[in-house]
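First comes the structure, then the notes that go with it.
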Amino acid sequence: MRVTILGAGGIAGAHAEAIAGLAGRDDAPQAQVTHVVDIDAGRAQAFADQYGVPHHGTSLEALLEAGEVDAVHVCTPPSVHAPAAVAALRAGVHVVVEKPAVLSLAEIDAIAAAEAQAPGGARFTQIVQHRFGHGARQLRRLLDSGELGRAYVATCDTLWFRAPAYFEVPWRGRWETEGGGPTMGHGIHQFDLLLAMLGPWSEVTAMAGRLAREVDTEDVSMALVRFESGAMASVTNSLLSPRETSDLRFDTEAATIEVSHLYGYTDDDWTFTPAPGHEDAAALWSADPAALPSGHLAQLLPTYRAFAAGEAPPITVADARGTLELAAAIYRSAFTGAPVKAGEIGPGDPFYTSMRGTGPAWAPVKEVFA
Numbered sequence: 001m002r003v004t005i006l007g008a009g010g011i012a013g014a015h016a017e018a019i020a021g022l023a024g025r026d027d028a029p030q031a032q033v034t035h036v037v038d039i040d041a042g043r044a045q046a047f048a049d050q051y052g053v054p055h056h057g058t059s060l061e062a063l064l065e066a067g068e069v070d071a072v073h074v075c076t077p078p079s080v081h082a083p084a085a086v087a088a089l090r091a092g093v094h095v096v097v098e099k100p101a102v103l104s105l106a107e108i109d110a111i112a113a114a115e116a117q118a119p120g121g122a123r124f125t126q127i128v129q130h131r132f133g134h135g136a137r138q139l140r141r142l143l144d145s146g147e148l149g150r151a152y153v154a155t156c157d158t159l160w161f162r163a164p165a166y167f168e169v170p171w172r173g174r175w176e177t178e179g180g181g182p183t184m185g186h187g188i189h190q191f192d193l194l195l196a197m198l199g200p201w202s203e204v205t206a207m208a209g210r211l212a213r214e215v216d217t218e219d220v221s222m223a224l225v226r227f228e229s230g231a232m233a234s235v236t237n238s239l240l241s242p243r244e245t246s247d248l249r250f251d252t253e254a255a256t257i258e259v260s261h262l263y264g265y266t267d268d269d270w271t272f273t274p275a276p277g278h279e280d281a282a283a284l285w286s287a288d289p290a291a292l293p294s295g296h297l298a299q300l301l302p303t304y305r306a307f308a309a310g311e312a313p314p315i316t317v318a319d320a321r322g323t324l325e326l327a328a329a330i331y332r333s334a335f336t337g338a339p340v341k342a343g344e345i346g347p348g349d350p351f352y353t354s355m356r357g358t359g360p361a362w363a364p365v366k367e368v369f370a
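Following this line, the structure appears as structure tokens:
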């Protein structure tokens, strides 16, 4: 497959390396990055030189019209994701986007509509690589089999630190270009994994604040989530935490299962603690030295197998929407002061077209940080 990378910023390198990694595996379909596209021609050329990409340019539309691409990886700022994805799907090209997939539920629904009508069975998927590490796959299997009993309680913490200089990049910290603060741009990876383990959520109560950074969005949010199963979880998303960690904990009838990492994990980052009276459960958990760490290659391997077979990728547009709906619910609850139930946010709701919705109560940045 001929792959185009759209956007030659920092995350694009992870995509190029992962696609190159496919070539080294006997069980992977053939794929090659043949083009890199960026609005900055010099940056596109530098990326092409660094990663050995044969062609570079500034127009995705020209490549789509020429039929020179089978899959496009969208690695641009989030505000560009939706139009690029829709254009590619309409051209019959598979789409892989970085998180967050888009800025609103309205945009993800537009992508779903484009995929439903895409020629040649073109598919859309979002990078949520933490679902694909061995530990997460093992936990999901044990929950599905019932061997861990019911899941009761979970915690999901993305405690990261971003200095003021991080937000000097013009599109960061703005609703119209980034879609939100740490809830959308950072913590979404962790609570996507939370949803992958515990299933559909039913109700959210949340708060958000802009405590320290000169941004339009929040720099901290906290939420309490109830799941359809009855399980309950807390979710914290912060960019003000000097000792950075990404932590998830799941308390079930038979055990506590935890992972603590930062931007990716291996089996060494997981711990399994049997519950009193369930000591035999320790035998359920095991490491796999041959397993890939959570990362882009771990997700792209089954994704490209699905593309090659004409099947749905392991992360569908519906999966991406479910995680995005939780983000929208966190913002809606935080900004309205009311709980939000699953399915409440639809066309006509301000939070359907923008995570900002009716807006936070805080004053404009210049008034607060003058």
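Going by the UniProt record's numbering, 15 is the number at position 15 of the sequence shown; the sequence numbering is gapless.
Ideal placement from N, C-alpha and C gives every residue a C-beta, glycine not left out.
Keep in mind the model is a prediction, meaning the values are calculated, not measured.
- Scanning 362, 60 and 38 for the CA closest to the CA of residue 334 turns up 362.
- Short of 8 Å from the beta carbon of residue 53, and not among the five residues preceding or following it, lie these beta carbons of its own chain, in chain order: 5, 16, 33, 34, 35, 36 and 47.
- In the displayed model, residue 175 falls within a helix according to three-state DSSP.
- For residue 221, DSSP records a beta bridge to 208 and 237.
- Straight-line measurement puts the Cα of residue 321 at about 31 Å from the Cα of residue 44.
- Cβ neighbours of residue 211 within its own chain (closer than 7 Å, five residues either side excluded): 219, 220 and 240.
- Taking the CA atoms as reference points, residue 39 sits about 10 Å from residue 76.
- When the alpha-carbon of residue 205 is set against those of 284, 119 and 331, the nearest one is in 331.
- Assignment of beta-bridge partners to residue 248 by DSSP yields 156 and 259.
- Under the 8 Å Cβ criterion, the stretch 96–115 does not count as touching the stretch 49–63, having fewer than three qualifying pairs.
- Secondary structure note for residue 274: its beta strand (DSSP E) is the uninterrupted segment 270–274.
- DSSP links residue 96 through a beta bridge to 73 and 125.
- In the DSSP assignment, the residues bridged to residue 5 are 36 and 73.
- In the structure shown, the three-state DSSP call for residue 359 is coil.
- Separation of the CB atoms of residue 274 and residue 287 is rounded to 16 Å, and the pair is thereby denied contact status at 8 Å.
- For residue 57, the enclosing beta strand (DSSP E) has its first and last residue at 55–57.
- Rounded to whole angstroms, the separation of the alpha carbons of residue 55 and residue 223 is 45 Å.
- The beta carbon of residue 253 sits closer than 6 Å to those of 149 and 150, all from its chain and outside the five residues before and after it, given in chain order.
- Classified as exposed, residue 169 has fewer than 16 neighbouring CB atoms from the shown chains inside 10 Å of its CB.
- Under DSSP, residue 151 shares a beta bridge with 252.
- Residue 216 counts as buried, since at least 16 other C-beta atoms from the protein chains shown sit within 10 angstroms of its C-beta.
- Here residue 340 is bridged, per DSSP, to 204.
- Leaving aside the five residues that flank residue 185 on each side, the residues in its chain whose CB is nearer than 6 Å to its CB run, in chain order, 178.
- When the beta-carbon positions are compared, residue 117 and residue 97 stay at least 7 Å from each other.
- DSSP places residue 242 in the strand class (E or B) of the three-state scheme.
- Nearest neighbour of residue 329 by Cα position, chosen from 31, 82, 65 and 180, turns out to be 180.
- Rounded to the nearest angstrom, the Cβ distance from residue 307 to residue 313 is 7 Å, consistent with a contact under 8 Å.
- Residue pairing from DSSP places residue 226 in a beta bridge opposite 203 and 232.
- For residue 51, same chain residues with a beta-carbon under 6 Å away, outside a window of 5 residues either side, are 16 in chain order.
- No Cβ-Cβ contact shorter than 7 Å links residue 242 with residue 124.
- If you draw a straight line from the Cα of residue 248 to the Cα of residue 200, it is about 17 Å long.
- Distance from the CA of residue 257 to the CA of residue 281, rounded to the nearest whole angstrom, comes to 11 Å.
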